[in-house]
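In the working numbering, the protein residues as written are 12 to 285.
For each residue, glycine too, the CB sits at the ideal point set by N, CA and C.
Values in this document were obtained by computation on a predicted structure and should not be read as measured data.
Below you'll find the structure, written out as structure tokens, and then a few comments.
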Ligand code: C2E
Ligand code: CA
Ligand code: CA
């Protein structure tokens, strides 16, 4: 038992140490050099009609190589560094979708992950509007993917934020539905257009009855609330056909494409679909 405790102790220390290191590296990072966006296509349920792309952040550290967003986003949130980093993501995502839609004369949508920490900041709406105007993009091209987050402060300001998005014509999706991060009370409270069913649930739908029935129920409920439903993490044909039979509207996942850099998105995803 003794050695077990020692082990536990040192692994906690490692975790804390790793967090400090990440925090330091994040503070030193130069967004324009070390960060870039990759894009993953989203399709209508037929799996053919392209509707837009989710922008996902990548960090290529000069010495450490690639660091996963699952590792550094939580640190960026805790330290507040997500605010400047999130602004950089907005700017880059807007620039990319403008260039793409101008080049191909399309109306693709860009889905941008927004941390609850950003949403709570009073300045976020102003930043969003400034960026939108500076990049001259249509509000209908924007979709914000939000989660409830663990320490979400409930309140009128968040309600007003979603109402304001609706007035502007900007879309909002509740991300990771079916995990601890997003719940039913959120949809009831806030004016949201789309529900994204979490990969963790989609994973098992073709193998486990429970996952299948939960997803079926989520889709029924979301339809009753007039929400659009997108499934993420679709990897298998069997998952796709189930989702089709359940009346899901949109899909995203490795079955079509991994998140890819801009040039690859154009060559392998956009051009073949035109
Ligand atoms: P998320 O928003 O749930 O994004 C989906 C994640 O699933 C992405 O991981 C994506 O690469 C991965 N994925 C997509 N399709 C499949 C599939 O078919 N199978 C499997 N196994 N995985 C799939 P990624 O890019 O590592 O991002 C992890 C998380 O980091 C994201 O989860 C999101 O919460 C966060 N994140 C990424 N970029 C940003 C950002 O710009 N801002 C914020 N606030 N968070 C971000
Ligand atoms: Ca997302
Ligand atoms: Ca997810």
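Non-local beta-carbon contacts of residue 187 in its own chain, meaning distances under 6 Å to residues more than five positions away in sequence, involve 158, 193, 209 in chain order. With a 10 Å radius around the Cβ and a threshold of 16 neighbouring Cβ atoms, residue 91 comes out exposed.
If you check the CB distance, residue 143 and residue 172 do not come in under 8 Å. With fewer than three CB-CB distances shorter than 8 Å, the stretch 115-123 does not count as touching the stretch 76-89.
The beta carbon of residue 263 is closer than 8 Å to those of 51, 52, 53, 54, 65, 241, 242, 243, 244, 245 in its chain, skipping five residues each way along the sequence.
Taking C-alpha positions only, residue 72 is separated from residue 44 by approximately 9 Å. Taking a contact to require three or more Cβ pairs closer than 8 Å, the stretch 270-277 and the stretch 32-43 do not qualify as touching. DSSP links residue 185 through a beta bridge to 157, 206. Here residue 239 is bridged, per DSSP, to 205.
The Cβ neighbour count for residue 279, taken over all protein chains shown within 10 Å, is under 16; the residue is labelled exposed. Under the Cβ criterion (8 Å, minimum of three pairs), the stretch 93-110 counts as touching the stretch 124-135.
Counting along the chain, the unbroken alpha helix (DSSP H) around residue 252 starts and ends at 248-257.
Of all alpha-carbon atoms in 184, 239, 255, 181, the one lying nearest the alpha-carbon of residue 216 is that of 255. In the DSSP assignment, residue 216 falls outside any alpha helix (DSSP H) and carries neither an H nor an E. Excluding sequence positions up to five before and after residue 248, its CB lies within less than 8 Å of the CB of 266, all in the same chain and listed in chain order. If you look at residue 97, you'll find it in the alpha helix (DSSP H) that goes 93-115.
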